[in-house]
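Trainee: Below you'll find the structure I mean.
Protein chains: 2
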Amino acid sequence: MNRTNPIGFFDSGVGGLTVVKSFMQFMPNENIVYFGDTARVPYGSKSNETVIEYTLQAANFLLRKNIKLLVVACNTASSVALNDLRKFLTIPVIGMIEPGAKYALSESKNKRIGVIGTRATINNKAYSNELKKQNPKVKVFEKACPLFVPLAEEGWIDHKATELIAKEYLTELKENKIDSLILGCTHYPILANVIQKAVGKSVKLIDSGTPAARLVEDYLNGRGLRNQSVHHGVAEFYVSDVPTKFKEIAEKFLGKKLTHIHKVELEELTNE
Amino acid sequence: MNRTNPIGFFDSGVGGLTVVKSFMQFMPNENIVYFGDTARVPYGSKSNETVIEYTLQAANFLLRKNIKLLVVACNTASSVALNDLRKFLTIPVIGMIEPGAKYALSESKNKRIGVIGTRATINNKAYSNELKKQNPKVKVFEKACPLFVPLAEEGWIDHKATELIAKEYLTELKENKIDSLILGCTHYPILANVIQKAVGKSVKLIDSGTPAARLVEDYLNGRGLRNQSVHHGVAEFYVSDVPTKFKEIAEKFLGKKLTHIHKVELEELTNE
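So the sequences go chain by chain: A and B.
So for the first sequence, the working numbering puts the first residue at 270; every next one is plus one.
So for the second sequence, the working numbering puts the first residue at 270; every next one is plus one.
Next up, the structure:
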């Protein structure tokens, strides 16, 4: 494996770009390849079987780009498919759950931690199991918030309706006196203000993006795989639907113009 | 073609069941085969290219079940892919747009008609073009309502947040003095109460399901293809994701237990 090989990022759609953004700040000289499965998004309401199938197809596609490490920048896919990916891939695979859980435990004082995510992430108890594995005494309070993704994608980030929905979803977590809340879906940082308002200022919001980026750095350093270039890396983006909408959202998320965006035909994913 | 052959219904997910329900009331003795693309739902936020590709795959699958007529029980697919389907299929294809537009024009007195639907349906101006084709003097006011599908699927049918969102989406239509409003997405009848409240009692809500079922009946009668059986028809359901959630929602929609629900592997759809 070559140090200059790119790092692969995978998400069901655009949400993983919040992770890429953290990552680019830490390691601007790495090359990256991102695949967003925009033709089949969202994953959060689909079955485990389907999420695993799609995730393996995406990993296969990125392997053909000679990635040196895979970041599953999607909480649903991390919750459901990480074990299958690790069985199948020989390169390191970093999900959102382990670094997010570790960071939450380091930030929490009362060890009462809230987790919000898609229905699939919450039903699979991925964060809950990981938190308890890392600290058996932790109390975890979970809540699926399926309307947050469409609200974030609509850009209704400070609408009264979003506030009401956040209140409905989050009041119980607040009553359970959590002191940290894991934003267990890569879309949720977009709604951070309204979520903070609903749970109260004293609750620390935990975004897995930054600790995941730190973990990637540790992995690469530990294996002597950091890119030594002094130049900015190249970022290539692949999506399964036509890239018009993706380009627009991605440029907003990352704050710069993107030129390397390509469409992947579904046949390239399914005909292995 | 045999009279006892089934009628095919296609939708991106569960929404088309509201059409099947209308249909079963009119023609309980027909056999039906339903395909819901639950592994790739929703279509309303995807590109035309992808919607056309998925719709042709679904039609191909249903053709292998020897359907005598295809109902595209999905407004997005009807808006985007009907011409391609009609080029490709030799059996009659009924979409939601023509019967919905015709019914709206027959109900409207002031010929100021509102249309709501997914982003794809509204961007394609499918209802607008059809209404103007049928009556060039009609005034059409359109609005995409992307949050209505997730709200309907969440079952938030009388939540204060749903009322606020409906008000935000629909106030402009109300101000434009429409007297009828086409519910241009098969999920929207589920939110009929809150939509009615937002536009006011005087506005007639137009659901394409019933006029589409009537049009199917006319087509079959005209071609001597009505099933003559005095027994209830058999209804078979196929979905692309595992059927657990579909079964639950479908039984709620149709008000009866369903036994014939099968999963279709994606390879069956994509490998033509």
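The beta carbon of each residue, even a glycine, is placed where N, CA and C say it ideally should be.
Any beta-carbon of chain B closer than 8 Å to the one on residue 308 of chain A?
Mentor: Yes, its Cβ sits closer than 8 Å to a Cβ of chain B.
Trainee: Check whether the Cβ atoms of residue 510 of chain A and residue 316 of chain B lie closer than 8 Å to each other.
Mentor: Yes, Cβ-Cβ distance for residue 510 of chain A and residue 316 of chain B is below 8 Å.
Trainee: Can you grab the Cα-Cα spacing for the pair residue 282 of chain A / residue 459 of chain A, in whole Å?
Mentor: So the alpha carbons of these two residues sit roughly 15 Å apart.
Trainee: Suppose you measure from the CA of residue 530 of chain B to the CA of residue 272 of chain B; what does that come to, to the nearest Å?
Mentor: Distance between the alpha carbons of residue 530 of chain B and residue 272 of chain B is about 23 Å.
Trainee: List the endpoints of the continuous alpha helix (DSSP H) containing residue 321 of chain A.
Mentor: Where residue 321 of chain A is concerned, the enclosing alpha helix (DSSP H) stretches over 317 to 332.
Trainee: Are three or more beta carbon pairs between the stretch 514 to 533 of chain B and the stretch 392 to 410 of chain B nearer than 8 Å?
Mentor: These segments do not touch.
Trainee: Kindly identify the DSSP beta-bridge partner or partners of residue 449 of chain A.
Mentor: Residue 449 of chain A is bridged to A/382, A/473.
Trainee: With distance defined between alpha-carbon atoms, name the residue in A/504, A/484, A/416, A/382 nearest to residue 441 of chain A.
Mentor: Answer by Cα proximity: A/382.
Trainee: Grab the span of the beta strand (DSSP E) containing residue 312 of chain B for me, first residue to last.
Mentor: Note, residue 312 of chain B: premise wrong, no beta strand (DSSP E); not H, not E.
Trainee: Under 8 Å, Cβ to Cβ, is there at least one residue of chain A near residue 434 of chain B?
Mentor: Yes, its Cβ sits closer than 8 Å to a Cβ of chain A.
Trainee: In chain B, which residues lie with their C-beta within 7 Å of the C-beta of residue 315 of chain A?
Mentor: Result: 308, 510.
Trainee: Once you ignore the five residues that flank residue 379 of chain B on each side, which residues in its own chain have a CB closer than 6 Å to its CB?
Mentor: So the qualifying residues of the chain are 448.
Trainee: Which residues, taken in chain order from the stretch 274 to 288 of chain A, show a beta carbon closer than 9 Å to some beta carbon of chain B?
Mentor: Correct list: empty, as no residue qualifies.
Trainee: Here's the rule I'm using: 16 or more other beta-carbon atoms within 10 Å means buried, otherwise exposed. How should residue 461 of chain A be labelled?
Mentor: Flag for residue 461 of chain A reads exposed.
Trainee: Would you say residue 539 of chain A faces chain B, with C-beta separation under 8 Å as the test?
Mentor: Taking Cβ atoms only, chain B reaches closer than 8 Å to residue 539 of chain A, which makes this a yes.
Trainee: Give the DSSP bridge partners of residue 507 of chain B, in chain order.
Mentor: In DSSP, residue 507 of chain B forms a bridge with B/304, B/531.
Trainee: Taking Cβ-Cβ distances shorter than 7 Å, what residues in chain B pair up with residue 318 of chain A?
Mentor: What residue 318 of chain A touches in chain B: 511.
Trainee: Expressed to the nearest angstrom, what Euclidean distance is found between the alpha-carbon atoms of residue 276 of chain A and residue 293 of chain A?
Mentor: Roughly 11 Å separates the two Cα atoms.
Trainee: Could you tell me the alpha carbon to alpha carbon distance between residue 437 of chain B and residue 430 of chain B, rounded to whole angstroms?
Mentor: The alpha-carbon atoms of residue 437 of chain B and residue 430 of chain B are separated by roughly 11 Å.
Trainee: Note down, in chain order, all residues in the stretch 408 to 428 of chain B with a beta-carbon under 9 Å from any beta-carbon belonging to chain A.
Mentor: So the list reads 415, 416, 418, 419, 420, 422, 423, 425, 428, given in the order they occur along the chain.
Trainee: Just to check my reading of the structure: residue 331 of chain B and residue 302 of chain B have Cβ atoms closer than 8 Å, yes? What is that Cβ distance to the nearest angstrom?
Mentor: At roughly 6 Å, the Cβ-Cβ gap stays under 8 Å, so residue 331 of chain B and residue 302 of chain B are in contact.
Trainee: Are residue 496 of chain A and residue 300 of chain A closer than 8 Å when you measure CB to CB?
Mentor: Yes. Within cutoff.
Trainee: Would you mind giving the Cβ-Cβ distance between residue 363 of chain A and residue 338 of chain A, rounded to the nearest angstrom? I have them listed as a contact below 8 Å.
Mentor: So it is a contact: roughly 7 Å between Cβ atoms.
Trainee: Does any C-beta atom of chain A lie closer than 8 Å to the C-beta of residue 489 of chain B?
Mentor: No, because no Cβ of chain A sits closer than 8 Å to the Cβ of residue 489 of chain B.
Trainee: Can you list the residues of chain A that residue 536 of chain B reaches, using a CB-CB cut of under 8 Å?
Mentor: Within chain A, the residues near residue 536 of chain B are 539.
Trainee: Taking 8 Å as the threshold (beta carbon to beta carbon), is residue 389 of chain A in contact with chain B?
Mentor: No, because no Cβ of chain B sits closer than 8 Å to the Cβ of residue 389 of chain A.
Trainee: Closer than 8 Å, CB to CB, is residue 430 of chain A near chain B or not?
Mentor: Closer than 8 Å to some Cβ of chain B, the Cβ of residue 430 of chain A qualifies, so yes.
Trainee: Measuring CB atoms only, is the stretch 465 to 477 of chain B touching the stretch 489 to 507 of chain B, in the sense that at least three cross pairs come out at less than 8 Å?
Mentor: No: the two stretches stay apart, fewer than three of their Cβ pairs being nearer than 8 Å.
Trainee: Can you check DSSP and say which residues form a bridge with residue 292 of chain B?
Mentor: According to DSSP, which records beta bridges pairwise, residue 292 of chain B is partnered with nothing at all.
Trainee: At a threshold of 7 Å, does residue 413 of chain B count as lining the ligand ADP (C-beta to nearest heavy atom)?
Mentor: Ligands in the displayed structure: none, and consequently the ligand ADP is not present.
Trainee: Should residue 309 of chain A be labelled buried (16 or more other beta-carbon atoms within 10 Å of its own) or exposed?
Mentor: Residue 309 of chain A is buried by the Cβ-count criterion.
Trainee: Determine whether the beta carbon atoms of residue 349 of chain B and residue 389 of chain B lie at a separation below 8 Å.
Mentor: Result yes, Cβ atoms of residue 349 of chain B and residue 389 of chain B sit closer than 8 Å.
Trainee: Can you tell which of A/491, A/526, A/291 has its C-alpha closest to the C-alpha of residue 478 of chain A?
Mentor: Checking every option, the nearest Cα to that of residue 478 of chain A belongs to A/291.
Trainee: Under the three-state reduction of DSSP, which class applies to residue 499 of chain B: helix, strand or coil?
Mentor: Three-state result, residue 499 of chain B: coil.
Trainee: Between residue 410 of chain A and residue 426 of chain A, what straight-line distance do the alpha-carbon atoms span, to the nearest angstrom?
Mentor: Their backbone Cα atoms lie some 24 Å apart in a straight line.
Trainee: Measuring alpha carbon to alpha carbon, tell me which of B/534, B/358, B/481, B/435 ends up nearest residue 285 of chain B.
Mentor: Residue 285 of chain B has its Cα closest to that of B/481, out of B/534, B/358, B/481, B/435.
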